[in-house]
Amino acid sequence: MAKIIGIDLGTTNSCVAVMEGKEAKVIVNEEGDRLTASVVAWDDQGEVLVGTIAKRQGITNPEGTIYSAKRFMGRRFEEAETEMKRVPYECFRRDNGDIGFKVRGKDVSPPEVSMARHWASPVNTSA
Amino acid sequence: MTKDPESKAAAQENIVPEEADTPEAEVPAEAETLRAEAMAHRERSLRLAAEMENVRRRAARELESAHRFALERFAGELLPVVDSLELALGAAETVPEGLEMTLKLLRDVLVRHHIEAVTPVEGDAFDPGLHEAMATQPSAEMAPDCILQVVQKGYRIHDRLLRPARVIVARALDGSA
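Line by line, the protein sequences give chains V and W. According to the working numbering, the stretch in the first sequence is residues 1 to 127, in order. According to the working numbering, the stretch in the second sequence is residues 128 to 304, in order.
1. Quick one: using the 10 Å Cβ neighbour count with 16 as the cut-off for buried, is W:A136 buried or exposed?
2. Report the three-state DSSP secondary structure of V:R85 (helix, strand or coil).
3. Excluding the 5 residues preceding and the 5 following V:I4 in the sequence, name in chain order all residues of the same chain whose CB lies nearer than 8 Å to its CB.
4. Take every Cβ of the stretch 108 to 118 of chain V, pair it with every Cβ of the stretch 62 to 77 of chain V, and state whether three or more of those distances are shorter than 8 Å.
5. Considering Cα atoms alone, identify which of V:T12, V:I53, V:V39 is closest to W:E259.
6. As a quick exercise: from V:G46, V:G6, V:N29, V:C15, pick the residue whose alpha carbon is nearest that of V:V103.
7. Quick one: does W:F253 have its CB under 9 Å from some CB of chain V?
8. Would W:D272 be called buried (16 or more neighbouring beta carbons within 10 Å of its own) or exposed?
9. Any idea if W:V296 is buried or exposed, counting beta-carbon neighbours within 10 angstroms, 16 or more meaning buried?
10. Is the Cβ of V:T11 closer than 9 Å to any Cβ of chain W?
11. Note down the Cα distance separating W:I201 from W:L300, rounded to an integer number of angstroms.
12. Report the neighbours of W:P155 on chain V: residues whose CB is nearer than 8 Å to its CB, in chain order.
13. Could you tell me if V:F101 is buried or exposed, where buried requires 16 or more neighbouring beta carbons within 10 angstroms of its beta carbon?
14. For V:P122 and W:D286, I'd like the C-alpha separation in whole angstroms.
15. Roughly how many angstroms lie between the CA atoms of V:K22 and W:E243, to the nearest whole one?
16. Less than 6 Å between C-beta atoms, sequence neighbours within five positions excluded: which residues of the same chain meet that for V:R34?
17. By the three-class DSSP mapping on this structure, what secondary structure does V:K102 have?
18. Starting from the Cα of W:L275, find the closest Cα among W:E189, W:Y282, W:V294, W:R290 and give me that residue.
19. Would a C-beta distance cut-off of 9 Å place W:M269 and W:E249 closer than the cut-off?
20. Got a sec: is the Cβ-Cβ distance from V:I4 to anything in chain W below 9 Å?
21. State the start and end residues of the unbroken alpha helix (DSSP H) segment that holds V:P111.
22. Less than 9 Å between the C-beta atoms of W:S266 and W:R290, yes or no?
23. When you compare only the Cα positions, how much space is there between W:G203 and W:V238?
24. Between which residues of its own chain and W:A262 is the CB-CB distance below 6 Å, once the five residues before and five after are set aside?
25. Would you report the Cα separation of W:E170 and V:V40, rounded to the nearest angstrom?
26. What residues of chain W sit near V:L49, judged by a beta carbon separation below 7 Å?
27. Taking DSSP as the reference, what is the three-state secondary structure of W:D210?
28. In whole angstroms, what is the alpha-carbon distance linking W:E159 and W:A165?
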């Protein structure tokens, strides 16, 4: 049977719950945590890392680790200049005025960062 | 059902009454059966819903108690460690030896609960699955992304990381990166 899920997509942490009967039940992630850090990283082997594991390597990979992506979601480049100065990764102005991230030569939009769970390779998701 | 013989008799006498009578005679009977069946289903679905709710509540209660008992046992096993530490501190001249024994007790408890140390050594490749980078430092001797220094060891419980090992990671010398 189809299930209903809800996602709390936070700036710092995210959480997923599934409807079981009348109640929402939080789904734990692979590490057994109810919260998953809203961090996505592209490492030098081309792997996509999501959550705590991405957060842990952030300091070694500042340009390839995107955090607080929600802060840039739905905002125009001109509206978020002060925030952009505070993050170590590269932001650029898309042709339509939106904000994009430049990660290891790849253009990524803020919503794409948030759906990066789908890109993560099985190696990472089973860790 | 009681009208059946009549309607059959009517059908034998004349074709017209059959068309008119048979549906009238059979429909109420069938409707009655269906209604009874529907009632039975409704009853059953209500019972199942109630049972589901009970199962869910019981599962929640059991889970909670499982959590509590797991912690109780663990805490219980840690108590000798506390005792031992108190004894060691009470006998000042044997503190180093006492502390060593205490540490061994504590480690044994951890191992019994499948809690094992994650102890990377300098030169190991940095693995965000096990290690957390506290800082990076330029290094001429160490290859980039290798562990330069272990700040604090990590722990694993079963196959899950309890705490990552905190490390300082080497990076290429500034300018050459």
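Don't be surprised by glycine CBs; every beta carbon is placed ideally from N, CA and C.
Reading from the atomic positions:
1. At W:A136, the pLDDT of 49 sits below 50, so the modelled position is not reliable and the matter cannot be decided from this model.
2. Before going further, note that residue 85 of chain V is Lys rather than Arg in the sequence given. Helix, per DSSP.
3. V18, M19
4. yes
5. V:I53
6. V:G46
7. yes
8. buried
9. buried
10. no
11. Checking the sequence shown, residue 201 of chain W turns out to be Phe, not Ile. When rounded, the distance between both Cα atoms is 47 Å.
12. None at all; the shortest Cβ gap to chain V is about 37 Å.
13. buried
14. With a pLDDT of 42 at V:P122, under the threshold of 50, the predicted position of this residue should be treated as unreliable, though the coordinate-derived value follows. If I take the Cα positions, the gap works out to 17 Å.
15. 40 Å
16. V26, V28
17. strand
18. W:V294
19. yes
20. no
21. 110 to 114
22. no
23. 15 Å
24. I295
25. 51 Å
26. P255
27. helix
28. 10 Å
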